[in-house]
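Just so you know, full-length UniProt numbering puts the end of the sequence shown at 262, numbered straight through with nothing missing. The beta carbon of each residue, even a glycine, is placed where N, CA and C say it ideally should be. Each remark here refers to the structure printed beneath this line.
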Amino acid sequence: MRPTTFLQGVTPQEDSSSILESSKIEELPRGGCPSETVPIRRITKEDLIRTKLSSNIHPFTQETPSSHVNPKLYGDNKTRLFTRWTADNYQTTGCYNTLCPGFVQISNYFSVDSILDTVSIYNGIQRQLKFSVFQDQFTGNWMFFIGHQNHFMGYWPRSIFQNLGYYANSIEWGGATHSLVGEENMPQMGSGHFPEEGYRKACFFHRVHLIPTIGDDFINPSETDLAMISNKPNCYRVLGKDLIWSSEYAFYFGGPGGTCGS
Numbered sequence: 001m002r003p004t005t006f007l008q009g010v011t012p013q014e015d016s017s018s019i020l021e022s023s024k025i026e027e028l029p030r031g032g033c034p035s036e037t038v039p040i041r042r043i044t045k046e047d048l049i050r051t052k053l054s055s056n057i058h059p060f061t062q063e064t065p066s067s068h069v070n071p072k073l074y075g076d077n078k079t080r081l082f083t084r085w086t087a088d089n090y091q092t093t094g095c096y097n098t099l100c101p102g103f104v105q106i107s108n109y110f111s112v113d114s115i116l117d118t119v120s121i122y123n124g125i126q127r128q129l130k131f132s133v134f135q136d137q138f139t140g141n142w143m144f145f146i147g148h149q150n151h152f153m154g155y156w157p158r159s160i161f162q163n164l165g166y167y168a169n170s171i172e173w174g175g176a177t178h179s180l181v182g183e184e185n186m187p188q189m190g191s192g193h194f195p196e197e198g199y200r201k202a203c204f205f206h207r208v209h210l211i212p213t214i215g216d217d218f219i220n221p222s223e224t225d226l227a228m229i230s231n232k233p234n235c236y237r238v239l240g241k242d243l244i245w246s247s248e249y250a251f252y253f254g255g256p257g258g259t260c261g262s
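Next comes the structure, spelled out in C-alpha cells:
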C-alpha cells in the first residue's frame, strides 16, 4: 500500500549549508528484490529467543524508527536500522521490525534491519540519516520514509493502534540503552561522550520538525513545548543547542554509560 497523500517534499528541504555526509545503508544483494516483492528475513529459533528477551526494552513509544546496536536481538555489534511498535506498552502487543505482524515492509531495496555501513567518527567525519513519519490523511496508516531521497520503507497500519487513530499527542526524540539483568554497568549512548563536548564529539539530532494536526508540511517545534529529560544524568545527558551551520532546532545527547546510580 502506497501513501495516498504526501507532505510538501515529504521531508524538510535539504539545508544547503549542511556540512554533513549521509550514512550509507547496506543495500540488498543484486540491486534488491524483484518488482512487487519485498525482503523477508528468515526467522530462526535463536531470533525468537532474542526477540523475547528484548521485547520489553524501552516501552515509552508506540512506533519508533531509528538505528541501534542490539547484540541480544541480532547476535552482532553492528549498527542497524530498526522499527518497533506497541499498542499497550508491550503488555501483549508489539515487536521489533517484522518479527511479528505490525510494520509492513514496502521497500524492495533496503531491509528494515539493514546495517549502516558508515557512521560518524569521533572528532572526524560526521554523518546523518533522515527519518520521517507521518499519517496518511485517507488511510490513517503511519508512513515511514528514510534518507534524503525520501525512500518509502513501509508503514504501521492504523488498525494496530488504540491511541494513534488520528494523531499523536506527544513525540519523543533521543536515545535509550539497556544492560543485561544483574549487570550494573550501562553501555554507551550516542558517541559515548557527553553533549557538552559539542559538534564532532557528541551525538545529535538536527532539523527536528513536527506536523500540526491540520497541515501538509513540517514546522519547527516551539521550545516552550519541549522538555529535555535524562533519567540517568550521571551516565547520559541532553543539551539543546543551535548548530552554527544549521538554522533548524538541534540538540546533543548521550554519554559514556557506566555505573549510573539512581
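Residue closest to residue i, alpha-carbon to alpha-carbon, out of the options
i	options	result
G175	F205, Y155, M153, R158	F205
F138	S114, G147, Y167, K201	Y167
K78	S179, G102, L116, F103	L116
K232	I106, Y155, P187	P187
N163	T86, G261, C260, D76	T86
N185	C95, R207, G261	G261
G198	N123, L99, D88	N123
S107	G154, G140, I125	G154
I229	I219, K201, I171	I171
S179	A227, C235, Q91	C235
D88	N169, P212, S247, I160	I160
I125	K201, D217, L226	K201
L129	A227, S111, H148	H148
Y109	T92, H193, S120, N150	N150
S247	D217, I219, R207	R207
D225	N169, C100, E196	N169
K241	Y96, S111, E196	E196
S111	F194, Y96, S120	Y96
G69	T177, E223, C100, S120	With the sequence shown as reference, residue 69 is identified as Val, and Gly is not the correct amino acid for it. With distances taken between Cα atoms, V69 lies closest to T177.
S120	H193, E223, P212	H193
Distance between beta carbons of residue j and residue i, contact taken as under 8 Å
i	j	result
T118	S23	5 Å
R237	G258	13 Å between Cβ atoms; not a contact.
Y249	C203	Rounded, the Cβ-Cβ distance is 16 Å, inconsistent with contact.
D113	F152	The pair is not a contact, with the Cβ atoms about 17 Å apart (cut-off 8 Å).
L210	P221	5 Å
G102	W156	7 Å
N158	G140	For the record, residue 158 in the displayed sequence is Arg; it is not Asn. The Cβ separation is near 3 Å, so the contact holds.
R84	G94	7 Å
Q105	T98	6 Å
Start and end residues, beta strand (DSSP E) containing residue i
i	result
V112	Careful: V112 lies outside any beta strand (DSSP E) and carries neither H nor E.
L81	80-85
F134	131-135
Y252	250-254
F145	142-146
R237	237-240
G154	151-156
Identity of the residues DSSP links to residue i by a beta bridge
i	result
S179	Its beta-bridge partners do not exist; DSSP assigns none.
M189	G255
H206	A250
S22	Q128
residue 265	Examination of residue 265 is not possible in this model, given that the chain is present from 1 through 262 alone.
C95	W85
I219	L210
For this session: Could you tell me whether the region 128-136 touches the region 144-153, where touching means 3 or more Cβ pairs closer than 8 Å?
Result: These segments touch.
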